[in-house]
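Quick note: the sequence shown, position 69, residue 1067 per my numbering, numbers continuous. In this text, a Cβ means the ideal position worked out from N, Cα and C, and glycines have one as well.
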Amino acid sequence: MASWRCFQRIPRHVYFFIVFSNFMCMKVEALQHNMLQGLADLAPNESLWRYVDIHKFLSFLHNQSIMFSRMDTFEDVLEGMPVRFLIAQKSRVKEDDPLLLIKENRQHAAIQQKHFVSCWFIGFRESTAMWNLYSNKDSVAIKLNPAYLLAAAAKSLVDIDAQMPLSSAYSGKVQYVDLVQINTEVAYNVKHVGLRKDVGFESEKEFRLVISAKDHKNQFSQVPFKLPALKKAAFDVICHPRMPKWKQDNIQWLMEQNGFTQHFKPSEIRLR
999 MASWRCFQRI PRHVYFFIVF SNFMCMKVEA LQHNMLQGLA DLAPNESLWR YVDIHKFLSF
1059 LHNQSIMFSR MDTFEDVLEG MPVRFLIAQK SRVKEDDPLL LIKENRQHAA IQQKHFVSCW
1119 FIGFRESTAM WNLYSNKDSV AIKLNPAYLL AAAAKSLVDI DAQMPLSSAY SGKVQYVDLV
1179 QINTEVAYNV KHVGLRKDVG FESEKEFRLV ISAKDHKNQF SQVPFKLPAL KKAAFDVICH
1239 PRMPKWKQDN IQWLMEQNGF TQHFKPSEIR LR
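Shown next, in the form of structure tokens:
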């Protein structure tokens, strides 16, 4: 009874602050839990790879962070499009109400503007196809341990949610479905819109970390998340197999100067 009387003496504004704080902690913990679930999609020895130009590599090294990029900055226009819109577009005739089309386009744009994605490629080793598709001979590949990456992203959600309130966070393998000759049953089986892509991209074997803002009218095009204790983390930097030796030496020297000596690795791909 005494403890209840003490509780009753707490000012109302303090009481509501405590309740709100506890609610927010529970919300972020749920987001963090969901972000870590994607680890179950990967085999024990699989790594996550990202092929980047020299400027993104320098940003990675200097800031020791990775970016979530807003979905509407991606080249694939079908990113984030609801299945019902895809079905409607397939069956729609030219005489359909143009106002309905405008409304759907705005809704699709809002979905893209709310979603922020960090894209990676799954593999046991570097990929010649990914080098050719996403880089030039001055590029590097960043190979990261999945458990470390997801833990870093989950930890960052506290700060991200404070500056841009989140409605969801998750990670996992991208599921590829035919979004042209659409199979509704298959398409609807993909739980998260951020993990669905057209089958034409299937060769990428993509893994994604996704966050969704509550409001699509946010001012961010990218959201960084820190990589704590990066020097001790399990990651490698691999130079493009066609990068001239003197440029590789520059990359290695730069990494040594910043305390990342052990993380530089030569490419295992041999080309003529």
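Roughly how many angstroms separate the alpha carbons of F1262 and V1178, rounded to a whole number?
Residue mapping note: residue 1262 aligns to position 264 of the sequence shown, counting from 1. Residue mapping note: residue 1178 aligns to position 180 of the sequence shown, counting from 1. Between F1262 and V1178, the C-alpha separation is close to 42 Å.
Assign P1239 to one of three DSSP states: helix, strand, or coil.
The sequence position of residue 1239 within the sequence shown is 241, counting from 1. Coil, per DSSP.
Could you work out which residue in D1070, A1152, V1138 is closest to P1144 when comparing CA atoms only?
As a position in the sequence shown, residue 1144 is number 146, starting the count at 1. Cα-wise, what sits closest to P1144 is A1152.
Within its chain, find whatever has a CB closer than 6 Å to the CB of M1065; leave out the 5 residues flanking it on each side and keep chain order.
The count along the sequence shown starts at 1 and reaches residue 1065 at position 67. Counting only Cβ-Cβ distances below 6 Å, and skipping sequence neighbours, we find Q1220, P1222.
Just to confirm, is the Cβ distance from V1208 to H1190 under 8 Å?
Stepping through the sequence shown from its first residue, residue 1208 is reached at position 210. Stepping through the sequence shown from its first residue, residue 1190 is reached at position 192. Yes; because the gap between Cβ atoms is below 8 Å, this pair is in contact.
According to DSSP, is V1081 helix, strand or coil?
Position 83 of the sequence shown, counted from the first residue, corresponds to residue 1081. In this structure, V1081 counts as helix in the three-state DSSP scheme.
Sequence-distant residues of the same chain with beta carbon closer than 8 Å to G1192, five excluded per side
Numbered from its first residue, the sequence shown carries residue 1192 at position 194. Excluding residues within five positions, the ones whose Cβ falls inside 8 Å are M1069, G1078, H1113, V1115, Y1168, R1206, V1208, S1210.
Answer with buried or exposed for V1172, where buried requires no fewer than 16 other C-beta atoms within 10 angstroms of its C-beta.
Position 174 of the sequence shown, counting from 1, holds the residue named residue 1172. Under the 10 Å beta carbon count, V1172 is surrounded by 16 or more other beta carbons and is classified as buried.
Supposed contact pair F1122 and E1202 - C-beta distance, whole angstroms, cut 8 Å
Locating residue 1202 in the sequence shown gives position 204, counting from the first residue. Locating residue 1122 in the sequence shown gives position 124, counting from the first residue. The pair is not a contact, with the Cβ atoms about 16 Å apart (cut-off 8 Å).
Comparing C-alpha positions only, which one of K1101, S1165, N1216, L1037 sits nearest to V1026?
Your numbering for residue 1026 matches position 28 in the sequence shown. The shortest C-alpha separation from V1026 is found at S1165.
Could you tell me which of K1215, E1200, V1197, M1128 sits nearest to M1162, measuring between CA atoms?
One-based indexing of the sequence shown puts residue 1162 at position 164. The residue with the shortest Cα to Cα distance from M1162 is K1215.
Rounded C-alpha distance that separates Q1246 from K1141:
On the sequence shown, position 248 is the one that residue 1246 refers to. On the sequence shown, position 143 is the one that residue 1141 refers to. Distance between the alpha carbons of Q1246 and K1141 is about 17 Å.
Taking the alpha helix (DSSP H) that F1122 belongs to, which residues open and close that run?
Within the sequence shown, the letter at position 124 stands for residue 1122. From DSSP, F1122 is part of no alpha helix (DSSP H); its letter is neither H nor E.
Going by DSSP, what residue range makes up the beta strand (DSSP E) through E1204?
Position 206 of the sequence shown, counting from 1, holds the residue named residue 1204. Looking at the DSSP string, the run of the beta strand (DSSP E) that includes E1204 is 1204-1211.
Between the alpha carbons of G1170 and I1109, how many angstroms are there, rounded?
Position 172 of the sequence shown, counting from 1, holds the residue named residue 1170. Position 111 of the sequence shown, counting from 1, holds the residue named residue 1109. Taking the straight line from one Cα to the other gives about 19 Å.
Around the Cβ of L1269, are there at least 16 other Cβ atoms within 10 angstroms (buried) or fewer (exposed)?
Here residue 1269 refers to the residue found at position 271 when the sequence shown is read from its first residue. Burial call: exposed.
Test item: CB-CB of Y1146 and Y1049 under 8 Å
What you label residue 1146 is simply residue 148 of the sequence shown in a count that begins at 1. What you label residue 1049 is simply residue 51 of the sequence shown in a count that begins at 1. Result no, Cβ atoms of Y1146 and Y1049 do not sit closer than 8 Å.
At the level of alpha carbons, what is the spacing between Q1250 and K1054?
Stepping through the sequence shown from its first residue, residue 1250 is reached at position 252. Stepping through the sequence shown from its first residue, residue 1054 is reached at position 56. For Q1250 and K1054, the distance between alpha carbons rounds to 16 Å.
Closest Cα partner of Q1062 within the set R1240, E1266, G1257, D1136:
Looking up residue 1062 in the sequence shown gives position 64. The shortest Cα separation from Q1062 among R1240, E1266, G1257, D1136 belongs to G1257.
Please classify H1238 as buried or exposed, where buried requires at least 16 other C-beta atoms within 10 Å of its C-beta.
Looking up residue 1238 in the sequence shown gives position 240. Buried is the call here.
My guess is that W1047 and E1124 are in contact by the Cβ rule of under 8 Å, so how many angstroms apart are they, rounded?
By one-based count along the sequence shown, residue 1047 stands at place 49. By one-based count along the sequence shown, residue 1124 stands at place 126. Right, their Cβ atoms sit about 7 Å apart.
Using the three-state DSSP reduction, which class does A1227 fall into: helix, strand or coil?
Here residue 1227 refers to the residue found at position 229 when the sequence shown is read from its first residue. In the structure shown, A1227 sits in coil (DSSP, three-state: anything other than H, G, I, E or B).
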